[in-house]
Every structure is written in structure tokens, then in C-alpha cells.
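Residue numbers (my numbering): 211 to 338.
Note that beta-carbon positions come from the ideal geometry of N, C-alpha and C, so glycine has one too.
Report on the structure given below.
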């Protein structure tokens, strides 16, 4: 006879792919210095298992988005790129995936707000 298990509270919603990595990066960017996995876990919310945070840190390290320094038996982690630099690199990568680079740029440019378009034009005029 099968036993039915009921939960008194619903299971927590799963985060979207990449959301955990983004939360960990945000915690590292906001920190005054390197953080241990335990401190990262506190920063992103204690609802995550320590092993989950550790796995995300290892993945980010393997992607070379963060670095680490040994502190005894544990590591302290820090971001190697700022949020703006990483976002710009991601935009470049996405731009490179399109079959028609000009069409992708055209669609992007026409989707900008008036203020963002003005800002982009000013930056391009003053480009070295």
C-alpha cells in the first residue's frame, strides 16, 4: 500500500535558470570585499542550501566570472568584472548570435527609449 505524503506548506517556487547565478553575482558586487560561501548564502537569503550556493560559486568560478582566494580550509569569492562590464559582454555575445548583425542592431536601436537613444548618440559622438 502506497503512503501519501502531504505538505503543510507549498514547495518554494523554483528560480529561473541563471537567476541564482545573478543573485550570487549581485551579492558579490554589493560586498565590501570577498565573501565565503556562508556569507553569500546569507546575502542571497538563507532559504538556499549551503551546497547549492557552493555549487553556484564553483560554476561562476569555472566560467571565470568570479575568483577565489584560500582562507584556511575555505575560499573567499569575489567578482572579477563589474556588473556593467559583464552586461556589455553579454550584449556583445547576443549581438554575435544573430544572423544579420545590422538587423539586430536596428531592432535594438528602435526599441530604445528616447532618453536611452539620446544617451547612446552622445556616447557614440564622443567615442575615442
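- Of the other Cβ atoms in all chains shown, 16 or more fall within 10 Å of the Cβ of residue 238; this residue is therefore buried.
- Look at residue 297 here: in three-state DSSP terms it is helix.
- With fewer than 16 neighbouring CB atoms inside 10 Å of its own CB, residue 334 falls in the exposed class.
- Around the CB of residue 289, 16 or more other CB atoms lie within 10 Å, so the residue is classed as buried.
- Classified as buried, residue 247 has 16 or more neighbouring CB atoms from the shown chains inside 10 Å of its CB.
- Its Cα nearest to that of residue 234, the residue 253 stands out among 329, 243, 292, 253.
- Taking C-beta atoms as the reference points, residue 286 and residue 244 count as a pair closer than 7 angstroms.
- When 281, 230, 269 are compared, the shortest CA-CA separation from residue 258 is found for 230.
- In the structure shown, the three-state DSSP call for residue 281 is strand.
- Rounded to the nearest whole angstrom, the C-alpha separation of residue 304 and residue 314 is 9 angstroms.
- Between residue 263 and residue 250, the C-beta gap is smaller than 7 angstroms, which places the two residues in contact.
- Only buried fits residue 267, as 16 or more other CB atoms lie within 10 angstroms of its CB.
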